[in-house]
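Have a look at the structure below, then the notes.
Protein chains: 2
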Amino acid sequence: MSLPLHERIRREIEADILAGTLPPGARLPTELELMARHGCARMTVSKALSALATAGLVDRRKRAGSFVARPKVHSMVLDIPDLAVEVERRGQRYRYELLHRTVRAADPASPVEAALAGTGELLRIEGVHHADDRPLAVEDRLISLAAVPEIRAVDFGLISPGAWLLGHVPWTEAELRVAAVAAEGEAAARLDRPAGTACLAVERRTWRGADGITWVRQLLSGSDFDLVASFGPTRAG
Amino acid sequence: MSLPLHERIRREIEADILAGTLPPGARLPTELELMARHGCARMTVSKALSALATAGLVDRRKRAGSFVARPKVHSMVLDIPDLAVEVERRGQRYRYELLHRTVRAADPASPVEAALAGTGELLRIEGVHHADDRPLAVEDRLISLAAVPEIRAVDFGLISPGAWLLGHVPWTEAELRVAAVAAEGEAAARLDRPAGTACLAVERRTWRGADGITWVRQLLSGSDFDLVASFGPTRAG
DNA sequence: CAGTGGTCTAGACCACTGA
DNA sequence: CAGTGGTCTAGACCACTGA
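In order, the protein sequence lines correspond to chains A and P. For the first sequence, my numbering assigns the number -15 to the initial residue and increments by one for each residue that follows. For the second sequence, my numbering assigns the number -15 to the initial residue and increments by one for each residue that follows.
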């Protein structure tokens, strides 16, 4: 244990948040309680909590206390639109059409599935995003049921899997892969576009700590869509 | 002045870095000097410097001092490949072909140009990126000469504008826009692809503080390319 | 080996805000 | 109005490392 004390305290709390022991909205111990627990000065616990606040994992409010932040850890860094929000911002009506929904074990021969869920169970969801009943994107998604067990009960006739996950599961790491492809066959038909139409293929993986949450591949119809990302240094304070 | 003292100190140093008064590699005042200058305790200046280090603007080394970081502010957040690096990683030979190079005043009627350079001068550079003499991407770039005057003297037969900027100019904010388009006409011909080929159109703007540095639009040939971005929370310490 | 940053203490006063 | 976090002080000891 050559790690500084403030860093050990920070990691202990972070681990509880990522494990879900401290769920979004939960109140953390006060600085006074953490001082007593670790037998240290207030500046030391303050440094640990401030680092968590800077990283976006914790909200600190005077008189009220420190709380686990609601899932929006990523919002300062990445602004890939939730399709529903984006469609409604254009004044169109959004609808998610569920095509298939299956639960099965992860295939150990598939690198994607093994990395996501090991040998655990997967929820696979296929669907189409519509704007004013015009198809905008086809989506193929895998979700690790070990990481998100409560998703079994969700009705995806009412909300898309992406929107549900965004509101319920905090993520800490993500990888995004974007390419241009020509829509072919079934995908082109589902998008109601001629074969050969230039589409954006977006592949995204999301983790909470070391645990995979979801893998998703979307094919976005033609040049209907821009993906926009903004980047800047993290501001302290 | 209701800002905390540590935050005022942080901003003062950040402003000097962004203005270029403190160029990359320059040594900052020591904590002792900053204490004397601001008449405060060491913890206060330490907080300001630590925040700058966490944001990636400053490197701190024991015994040596604190230094303005070399331009790599963004590397933790965004990994959009420098095309030259990416091509060489595949074991191919990279070449940048300069097509046009002109200097002119920014057009106030163009929102892009006005936002980049106000009424100042622009360097416009058009070129093609090649891998093993096969065209990979066409690029159209604008650079604000007020922000980067030393670029007038650079020979882009030897290095691409993007690689030069990456090595010489630190940026703090960036916006990236990605869409799928079908290559047509001149662009398709320069990429040596049939019209209608699905391509990635990448548009990117970069700032240093409030000053625009560059705007660039690249058309990446077919599915030769993935763009990959990784995201995670900033770690303190 | 001396100067620098890294960490930590044991206090203090204050600003804010929800019970 | 009392509890919480925000800031700041004036020290201390230590680890590291380049002159």
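Glycine included, every Cβ here is placed at the ideal spot set by N, Cα and C. These figures come from a predicted structure and were not determined experimentally.
- For the segment 164 to 176 of chain A, the residues whose beta carbon sits under 9 Å from a beta carbon of chain P are, in order, A164, V165, A166, A167.
- Within the DSSP secondary-structure output, A/D91 pairs in no beta bridge.
- Membership of P/V29 in any beta strand (DSSP E) is not indicated; the residue belongs instead to the alpha helix (DSSP H) covering 26 to 38.
- With contacts defined by Cβ atoms closer than 7 Å, A/V162 and P/V162 form a contacting pair.
- A straight line joining the alpha-carbon of A/A158 with that of P/G23 spans about 44 Å.
- Boundaries of the beta strand (DSSP E) harbouring P/A166: 157 to 166, taken from the DSSP string.
- With a threshold of 7 Å between beta carbons, A/L184 makes contact with chain P.
- Of A/L100, A/H152, A/R(-8), A/V138, the smallest CA-CA separation from A/W191 is found for A/L100.
- The alpha-carbon separation between A/R47 and A/V186 amounts to approximately 44 Å.
- Nearest neighbour of P/Y80 by Cα position, chosen from P/F140, P/T198, P/R189, P/D91, turns out to be P/F140.
- Taking all protein chains shown into account, P/G169 has fewer than 16 neighbouring C-beta atoms within 10 Å of its C-beta and is therefore exposed.
- Assignment of beta-bridge partners to P/E123 by DSSP yields P/G111, P/Q202.
- Contact annotation: the segment 129 to 140 of chain A touches the segment 100 to 117 of chain A, with at least three C-beta pairs closer than 8 Å.
- In this structure, DSSP gives P/V69 a helical state, which the three-state scheme calls helix.
- Straight-line spacing of the CA atoms in A/I135 and P/H113 works out to 46 Å.
- Close to P/T14, with beta-carbon spacing below 9 Å, lies no residue of chain A; the smallest spacing is near 20 Å.
- About 21 Å separates the CB atoms of P/T14 and P/G40; that is not less than 8 Å, and the two are not in contact.
- A distance below 7 Å between beta-carbons, with the five flanking residues on each side excluded, links P/L36 to the following residues of its chain, in chain order: R(-6), I(-3), E(-2), V42.
- Collapsing the DSSP output to three states places P/L129 in coil.
- Judged by DSSP in its simplified three-state form, P/R(-5) adopts helix.
- One alpha carbon belongs to P/D91, the other to P/L126, and they sit about 12 Å apart.
- For a Cβ distance threshold of 7 Å, nothing in chain A lies close to P/G146: the least Cβ distance comes to about 16 Å.
- Close CB contacts of A/T156 within its chain, under the 7 Å cut and outside five residues either way in sequence, are with L2, V57, W191, R192, G193 (chain order).
- Between A/R188 and A/L150, the C-beta gap is not smaller than 7 Å, which leaves the two residues out of contact.
- Within its own chain, the residues whose Cβ lies closer than 7 Å to the Cβ of A/S30, once the five positions on either side in sequence are excluded, are E15, listed in chain order.
- No Cβ-Cβ contact shorter than 7 Å links A/R174 with A/A167.
- Using a CB distance below 8 Å, no part of the segment 187 to 199 of chain A faces chain P.
- From the listed residues A/T181, A/G146, A/A182, the smallest Cα separation to A/T198 is found for A/G146.
- Residues of chain A whose Cβ lies closer than 7 Å to the Cβ of P/G180 are, in chain order, G180.
- With respect to the C-alpha of A/H152, the residue from A/L204, A/H(-10), A/G4 having the closest C-alpha is A/G4.
- Between A/A115 and the set A/L67, A/A32, A/E17, the nearest pair of CA atoms involves A/L67.
- DSSP, read as helix, strand or coil, puts A/R118 in strand.
- With respect to A/V52, A/L6 sits close: the two C-beta atoms are nearer than 7 Å.
- Secondary structure note for A/A172: its alpha helix (DSSP H) is the uninterrupted segment 169 to 175.
- Per the coordinates, the alpha-carbon of P/V71 lies some 36 Å from the alpha-carbon of A/G111.
- When beta bridges are read from the DSSP output, P/L82 appears opposite P/G111.
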